[in-house]
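Asks: Residue numbers (the numbering used here), protein chains in the order written: chain A, 1 to 315; chain B, 316 to 805; chain C, 806 to 1078.
Following this line, the structure appears as structure tokens:
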């Protein structure tokens, strides 16, 4: 087991190193000079050079790469070119919006998907099943930003129940914050809930066909009891895997929704940073997200290996 | 029923918000400032929030673009125009309690023109030879050449007076002399200012002023409609303005700006080296269709690179009337009877993106094919402005009185005309107002007759204001939202 | 029975837009290259069945040409994913446990770890927005999907008797992979290809919505949505037509994919009987 963890750990490290090189390299060749952007069209060349020196952009790419990586190892993501504040602080601040948004969306998606998926599975082949599956098909097919636009039209512009965008800050109270996150969370949750409901249904159907389920039914349990006591637990593995994947997707994939609703989260930070050529912020946030995904994958692998010893040999 | 209670709860919340706003003002603006130092970045958002409100210069812009006394109450100019003596106001203190005196002025101007200065408008200070403190309230500035626009230059946001004591943290904690003090910055959302009770001049009416950053036009519309903001300065979607005009809760101010919106042409790229081709482009463009289509009717047609509200403006639009047939024959004359293909690079603002699609279709009608690419500002700066790798581009030149850029052959549209260059030199040295007007008129005519660029329209600045807010500047002589005289009507 | 309903409905829904895209090459109701500002934002009428957009162009014609853009981008992107992913998956399966297998596996994980939309944005920020770069950005993320799928299914085939027989007869691994493994994967690849195709259409819409896809004047559904956003309170029909076009196409392809899977997968078929 230790050996398995060690090999996985080393490949994790290699992945991280490659990811950092890819990200840095890609951002290095992005056209557009941060200093020139900040100083605008009337700036003189010597002013731009002075600012480049001040930002540390005159060092060689290799030196900057190592400075960046060694900083990250100690938790220092550098200083934003445009805002002149530590990137770590900026990320922490934005996480206070992105993280709750992702969590609310995930909670919504799970709350919708579980009962719906279970219902569809237990009434497999019925009208209910067909209708539910039809809706989930629709949910998967609707682009979330379009759904968001329609919700803004209905709930923000016409009914005025919610503001169309922006975030008042958690200082204005929990209610105000949650209210601002409601429409974005729903737009994010809709396709995720549809996917999850489909996974839930098919995982349940798979387990319903297993021998132990037949035994359970033979013991005299009703279908509902059998599902609750036995099938659900067994269907949980694929479902939890999807939930894990969805969480990292929601964290990084909220970019467009954050833009539609104008939420100052991580996604909009990246968008803004790219257009302002605040490259150090772009690098660090992308790296952080990649790091999160790689570590989650690693944790899932290890968890599987703990549960199922056969998997270890595969490594 | 349930829905009804919910809405009434929200209605209550909105009402509570409105009642609170009577002593404060929430201003929506499109962009967030990258930091809070107007003297080391070009970002207009910094000036919008801080100019005149928090920071002041020796001179300041009035709402009509005039140059008025600021921290200097008066000044003397020597006979030869080379020496300016500024007399500073007494009893001006910075927000941190330190006194504003001649040393601060020397520090500010020296810092702006220093070798390692990061001032985005360093050229404003280029003619300064020395800055010296004569006594604590007198500063003498000596120029190397007479400069008719020097007082104008000092009114720019890039020339505000800062203090050496607080310069270290200026980017996050700006300390100025203005009627408002910086209070708080919620990054990504808003900046709050509070009234400076120790202001040297007439104190502000508002107790607080909050700038909220909303760049998305849909969000701007909804925020205004929900009365989340009291004023939206430079409202981003002209298509929504009729809805505000029809609503008694709001008022729409359409002001003039210094933004000449032009179809910039690479004068060194084939076939634009041929004046007939540039003339053909000018006649192929239907300005009114662009103003209607891209700006929903907002904007004044221009025929040269000069602001129509300026008394020295010459209307030269007749020089480039919409005449596709003439354009085709000009192209044929220049040897492009079958047209040609060029690039059209468009920066993000909607005047460029929408205007670009319209112009592309108009040019196609006379045989000129364009390859459109939508660029971010950083890409535009790199490729078009610095790299000069473009055929055509659309951009609004928002700097006031910037016809002098046509005298710089290395400027991105690369117009090189020695006659024009001499003219601008003469203009800079000239101090007699009447002669200046003549020279300015000549300059406008030369670039119009040379069809240097396609002159489209003067950008209008629409501001949506909640009924009851008074004193908002309708026009934008500079990128500032001066709130010092704004109040709520009783 | 239901399976064929899915296939028919799916083929119909997505087929409408495929046909519209093909027809648009030879005929569209109105010219979309010339603008008519005076006729802008007209609601649907007999003359313009879907109304006109903010430049006075006929929305039906725009949606038809937009279908061409969306389908072409998605098709090529999935093609790239398949073209690279399938050989990689076959190679990894043929040399299971080798260094090559490990590299391909880790490479797949790595690509999966990158937030796809973000990388697409970075790519277009670097190389400029264009349909081609949208294709590349979407294509890259299709490679590991096909590589993993191919590897997994090929591995189980390698254990089958007819493959062992081929090995005994002296065929090398490349020949076996191409002649025996690949044909047996075709159903699976068709199903997955359909699903990926629908995902690619969604991705293209998202990219062009944020302005990173095909550039004007080429219409695309995503950009039509972006253009209509500020006018949604004035003329909701501007946002409706391209949005529904995306939904119907994606829905159709998903139904088609699901239906095909049910037909091809004997295990599921048994379950129904």
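Yeah, the Cβ is synthetic: ideal placement off N, Cα and C, and Gly gets one too.
In chain A, which residues lie with their C-beta within 8 Å of the C-beta of residue 914(C)?
Replies: Result: 15, 294, 297.
Asks: Any residues in the region 1034-1052 of chain C with a beta carbon nearer than 8 Å to a beta carbon of chain A? Which ones, in chain order?
Replies: Those residues of the region 1034-1052 of chain C that come within reach of chain A (Cβ to Cβ, closer than 8 Å) are 1034, 1037, 1038, 1041, 1044, 1048, 1051, 1052.
Asks: Closer than 7 Å by beta-carbon distance: list the chain C residues that pair up with residue 672(B), in chain order.
Replies: The answer, in chain order, is 860, 1021, 1022.
Asks: Using a Cβ cut-off of 9 Å (strictly closer), state whether residue 1080(C) contacts chain B.
Replies: Outside the shown range of chain C, which is 806 to 1078, sits residue 1080(C), and nothing can be said about it.
Asks: Please decide whether residue 994(C) counts as near chain B, where near means a Cβ-Cβ distance under 9 Å.
Replies: No, its Cβ sits nowhere closer than 9 Å to a Cβ of chain B.
Asks: Do you know how far the Cα of residue 608(B) is from the Cα of residue 149(A)?
Replies: Rounded to whole angstroms, residue 149(A) to residue 608(B) spans 23 Å at the Cα level.
Asks: In chain order, what residues of the same chain lie with their CB nearer than 7 Å to the CB of residue 1048(C), ignoring the 5 residues before and after it?
Replies: The residues are 1030.
Asks: For the region 26-47 of chain A, enumerate the residues whose C-beta is nearer than 7 Å to any C-beta of chain B, in chain order.
Replies: So the list reads 31, 32, 33, 36, 37, 38, 39, 40, 41, 42, 43, 44, 47, given in the order they occur along the chain.
Asks: Measure the CB-CB distance between residue 546(B) and residue 341(B) and report whether it falls below 9 Å.
Replies: Contact: yes.
Asks: On the three-state DSSP scale, how would you describe residue 506(B)?
Replies: Strand at residue 506(B).
Asks: Would residue 25(A) be called buried (16 or more neighbouring beta carbons within 10 Å of its own) or exposed?
Replies: By the 10 Å Cβ count, residue 25(A) comes out exposed.
Asks: So with Cβ pairs under 9 Å, would you call residue 50(A) a contact of chain B?
Replies: Yes, its Cβ sits closer than 9 Å to a Cβ of chain B.
Asks: Which ranges would you report for the beta strand (DSSP E) in the region 602-645 of chain B if only whole runs of at least 3 residues count?
Replies: Those beta strand (DSSP E) runs which fall completely within the region 602-645 of chain B and span 3+ residues do not exist here.
Asks: Is DSSP giving residue 373(B) helix, strand or coil here?
Replies: Coil, per DSSP.
Asks: Hey, would you say residue 859(C) sits closer than 9 Å to residue 1033(C), going by beta carbons?
Replies: A contact, by the Cβ cut-off of 9 Å.
Asks: Return no unless some Cβ of chain B is closer than 9 Å to the Cβ of residue 845(C).
Replies: Answer yes: the Cβ-Cβ gap between residue 845(C) and chain B drops below 9 Å somewhere.
Asks: Along the chain, which unbroken stretches of the alpha helix (DSSP H) at least 4 residues long are found entirely within the region 666-696 of chain B?
Replies: Within the region 666-696 of chain B, the complete alpha helix (DSSP H) runs of at least 4 residues are 692-695.
Asks: Pair every Cβ in the region 646-658 of chain B with every Cβ in the region 672-688 of chain B, then say whether three or more of these pairs are closer than 8 Å.
Replies: Counting Cβ pairs under 8 Å, three or more are found: they touch.
Asks: Using a Cβ-Cβ cutoff of 7 Å, what residues of the region 150-169 of chain A are near chain B? List them in chain order.
Replies: The residues in question are 152, 156, 157, 160, 161, 163, 164, 165, 166, 167, 169.
Asks: Under three-state DSSP, which class holds residue 894(C)?
Replies: Here residue 894(C) sits in helix by DSSP.
Asks: Only counting runs of 4 or more residues, tell me where the alpha helix (DSSP H) segments fall wholly within the region 132-181 of chain A, in order along the chain.
Replies: As far as the region 132-181 of chain A is concerned, its whole alpha helix (DSSP H) runs of at least 4 residues are 144-151.
Asks: Within 9 Å of any Cβ in chain A, is that where the Cβ of residue 437(B) sits?
Replies: Yes - at least one Cβ of chain A is within 9 Å of the one on residue 437(B).
Asks: Leaving out the 5 sequence neighbours to the left and right, which residues in its chain are closer than 7 Å to residue 726(B) when beta-carbon positions are compared?
Replies: Around residue 726(B): 720.
Asks: Rounded to whole angstroms, how far is the Cβ of residue 256(A) from the Cβ of residue 1014(C), which I believe are closer than 8 Å?
Replies: Right, the Cβ-Cβ distance comes to about 7 Å (below 8 Å), so this counts as a contact.
Asks: For residue 788(B), does the count of other Cβ atoms within 10 angstroms reach 16, so buried, or fall short, so exposed?
Replies: Label assigned to residue 788(B): buried.
Asks: Roughly how many angstroms separate the alpha carbons of residue 373(B) and residue 797(B), rounded to a whole number?
Replies: One C-alpha to the other measures close to 16 Å.
Asks: Quick one: which chain B residues come within Cβ less than 9 Å of residue 85(A)?
Replies: Under the 9 Å cutoff, chain B gives 350, 486, 487, 502.
Asks: Would you say residue 646(B) and residue 592(B) are within 9 Å of each other, going by their C-beta atoms?
Replies: The answer is yes: Cβ separation under 9 Å.
Asks: For the structure I just gave you, are there three or more beta carbon pairs, one from the region 126-137 of chain A and one from the region 505-517 of chain B, closer than 8 Å?
Replies: Judged by Cβ distances under 8 Å, the region 126-137 of chain A makes no contact with the region 505-517 of chain B, as fewer than three pairs qualify.
Asks: Assuming contact is defined by CB atoms lying nearer than 9 Å, are residue 491(B) and residue 409(B) in contact in what I supplied?
Replies: Going by C-beta atoms, residue 491(B) is nearer than 9 Å to residue 409(B).
Asks: Using beta-carbon positions only, say whether residue 954(C) and residue 994(C) come within less than 9 Å of one another.
Replies: Yes. Within cutoff.
Asks: In the DSSP assignment, what are the bridge partners of residue 772(B)?
Replies: Answer by DSSP bridge pairing, in chain order: 576(B), 616(B).
Asks: Residues of chain C with a CB under 8 Å from the CB of residue 573(B): which are they?
Replies: Those within 8 Å of residue 573(B) in chain C number zero; the least Cβ separation is about 25 Å.
Asks: Using CA atoms only, rank isn't needed, just tell me which of 783(B), 441(B), 403(B) is closest to residue 460(B).
Replies: The shortest C-alpha separation from residue 460(B) is found at 441(B).
Asks: On the DSSP letters alone, give me the boundaries of the alpha helix (DSSP H) that residue 989(C) sits inside.
Replies: It spans 987-1014 - the alpha helix (DSSP H) in which residue 989(C) sits, taken as one unbroken run.
Asks: Counting only the same chain and skipping the five closest in sequence on each side, list residues whose C-beta sits under 8 Å from that of residue 250(A).
Replies: Contacts found: 101, 102, 105, 106, 188, 192.
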